[in-house]
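Protein chains in written order, with my numbering: chain A, 16 to 381; chain B, 16 to 381.
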């Protein structure tokens, strides 16, 4: 096996492949990348048994072949090479020689037979959308997945496609995030739960370019993302997702319009009075023209007013300030709308079109 | 007590004062800052019992007074305030009210009587140099202090002034760093050892401006740095520093001139083959026109050549690559000079003027 590629191309490819290399593992072979030289390039494959990545790097292949090598090791070496072409050579003993400029490395390779290659899947459905859209849908919902592994289903996100509507939902039992967009085409009904970790990693790889597309294919147990020279496969989470429709009501008592930046600044300051484990709420006293915010902890107290436009009744509600901040961070609108029912029902933050809906359960007040 | 200052001025002052606030301490009072409102400003004082800082912030003082408060807490609050003036008020119960825009915080203050204020010192000598020079002298030597507290003297740096020569030395028993400059004026002989921690913190506060001066005053047990509106006082380390003159010889067998960037790149790549705890040396085979570098570890092997200009004998020497990197990082010259005696004597890196001299003890080779 023998090939030459540019330092830059290899760097780009391996940095994508590294997203499916586990940090800590009891199976050291998963710390490896498969390098296959074939045709006009090399294919890098990694797999942490939940998430698998295959990405192609252009290369001048002089002798086809396949080898397994520690992924971080080879990434580090190539990254620190001088800015020249990198030559790879593997001998019959699986020993890997790397040349670049006057630098020469010799590191051991491993027979690739032992590596769990990516499964072939039977595609049942597929949709296409822009990389930008997918990245945004993930960013706007991923923060409210649960990390409680004993309730596996909510460690993932619901992806539901119905006609032209594409909906992503995440929830952790005290809050819910919903994002919706209209797709260009109409599709059959698809409803799957994708692991949060998969979406986090994909999000890092997606360029976020509105002109670049990503194809998502679904099989019974897997989802496949294809974009550029990269293919990412992930297991789905089995089970029925929570029915969120029943949580969404429209008979609110109070509607508030508030400037996002001012509201954010105020809540952010309130969190200063919290030590790490503390969960004291920020209390919102919603009056005609302002929300008067109030925070009391062992450290001290804070109060501040923010101007609002209000329709409906006055209301007091106690909320976890961190949950409000999580939502405000991902909303790009200048003004936001809060919808409230009473002091003990979830506070809803959504826009008029309902392209996003966030529910935050309040903290019980005497 | 009552005063008003700009958010920005307070931020600048408290960020300097925080450098003498310990991260962890068994004396919670040391996590506090003394705020004294007096005349046309406030004075912030912090003290971790080894290092003390006093810095002045311009303020409109409406009522003079003095109070103690948790330093990080007040820094965090003011940093997140809107960009407006900040009003401080302390009532008779030591309760602190902070107003900024529509935000209002109430946090407890503490009686300042309990705080260890900075000692008055009897100045015996003083020197003046530019902030740039002091910062550079520290940067070029601080990496080779020892962290071995059982040999206290080498956890600090020797500052020695003799006539117009100012010399800084650090060593950790396997390497030595020496920096020298000529001062504008001539001074009496001064020889003190300043704790490394002090120098690290001062280095972060110094602007590094060549036009700004810093005055350094010495007493029997303390050193005082004064610059801008800030005063930093530190204990000295007692004891006799190592005599380094006897380590400096000039009867070298081999002199090598090498491009710093190429040498650095090569040594840096070699370290990729080291796992954290490993101390394998990089072996330099010094020949007529090149150094052939060689590294062998459990992970793999590397070799690479770098062009040099050489005078004297061929020589092989094994060095800890991390020590070479530490030195190369702080040298700004394009080419560097190595001076060698034999395989078991320290490798010397210095410039012609000897404004810097670095000694690195080699690893014994069979």
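We put the beta carbon where it would ideally sit given N, CA and C, even for glycine.
If the cut is a Cβ gap below 7 Å, which residues of chain A does residue i touch?
i	result
residue 315(B)	120, 121, 122 and 123
residue 95(B)	283, 284 and 287
Give the straight-line distance between the Cα atoms of residue i and residue j, rounded to the nearest whole angstrom.
i	j	result
residue 321(B)	residue 266(B)	25 Å
residue 339(B)	residue 183(B)	19 Å
residue 324(A)	residue 156(A)	27 Å
residue 379(A)	residue 164(A)	27 Å
residue 359(A)	residue 331(A)	10 Å
residue 115(B)	residue 91(B)	14 Å
residue 308(A)	residue 364(A)	17 Å
residue 179(A)	residue 237(A)	22 Å
residue 117(A)	residue 310(B)	14 Å
residue 222(A)	residue 176(A)	23 Å
residue 296(A)	residue 343(A)	17 Å
residue 281(B)	residue 319(B)	7 Å
residue 24(A)	residue 72(A)	6 Å
residue 367(B)	residue 230(B)	29 Å
residue 239(B)	residue 148(B)	17 Å
residue 356(A)	residue 305(A)	18 Å
residue 55(A)	residue 152(A)	35 Å
residue 352(A)	residue 32(B)	42 Å
residue 292(B)	residue 313(B)	12 Å
residue 102(B)	residue 120(B)	10 Å
residue 171(A)	residue 212(A)	8 Å
residue 224(B)	residue 202(B)	23 Å
Residue i touches chain B at which residues, Cβ-Cβ below 9 Å?
i	result
residue 246(A)	In chain order: nothing, as chain B lies at least about 29 Å away.
Do residue j and residue i count as a contact pair if the criterion is CB distance below 8 Å?
i	j	result
residue 85(A)	residue 46(A)	yes
residue 159(B)	residue 348(B)	no
residue 208(A)	residue 279(A)	no
residue 18(A)	residue 99(A)	no
residue 245(A)	residue 50(A)	no
residue 274(A)	residue 350(A)	yes
residue 65(B)	residue 185(B)	no
residue 336(A)	residue 286(A)	yes
residue 88(B)	residue 191(B)	no
residue 123(A)	residue 327(B)	no
residue 361(A)	residue 333(A)	no
residue 48(B)	residue 40(B)	no
residue 81(B)	residue 111(B)	no
residue 145(A)	residue 227(A)	yes
residue 232(A)	residue 93(A)	no
residue 283(B)	residue 290(A)	no
residue 37(B)	residue 63(B)	yes
residue 188(A)	residue 161(A)	yes
residue 79(A)	residue 16(A)	yes
residue 216(B)	residue 22(B)	no
residue 371(A)	residue 194(A)	yes
residue 252(A)	residue 167(A)	yes
residue 301(B)	residue 271(B)	yes
Residues of chain B with a CB under 8 Å from the CB of residue i: which are they?
i	result
residue 117(A)	319, 320 and 321
residue 132(A)	Those within 8 Å of residue 132(A) in chain B number zero; the least Cβ separation is about 25 Å.
What in chain A is Cβ-close to residue i, meaning under 8 Å?
i	result
residue 281(B)	118
Mind checking which residues open and close the alpha helix (DSSP H) that includes residue i?
i	result
residue 106(A)	Neither: residue 106(A) is in no alpha helix (DSSP H) and is coded neither H nor E.
residue 149(B)	146-154
Output the boundary residues of the beta strand (DSSP E) element that contains residue i.
i	result
residue 30(A)	Unbroken run through residue 30(A) is the alpha helix (DSSP H), 22-32; no beta strand (DSSP E).
residue 250(A)	245-250
residue 274(B)	269-274
residue 51(B)	47-53
residue 62(A)	56-62
residue 77(B)	75-78
Could you list which residues in chain B have their beta carbon closer than 7 Å to that of residue i, in chain order?
i	result
residue 91(A)	287
Quick one: list the residues of chain A neighbouring residue i, beta-carbon separation under 9 Å, in chain order.
i	result
residue 88(B)	287, 288, 314 and 315
Whole beta strand (DSSP E) runs in the segment 343-368 of chain A with 3 or more residues, listed along the chain? 350-355 and 362-365
TODO: May I have a chain-ordered list of the beta strand (DSSP E) segments no shorter than 3 residues that lie completely inside the segment 183-240 of chain B?
DONE: 190-210 and 228-233
| field | Whole alpha helix (DSSP H) elements within the segment 280-347 of chain B, 4-residue minimum | value | 336-345
| message | What ranges does the alpha helix (DSSP H) occupy inside the segment 85-142 of chain A, keeping only unbroken runs of at least 4 residues that lie completely in it? | response | 86-94
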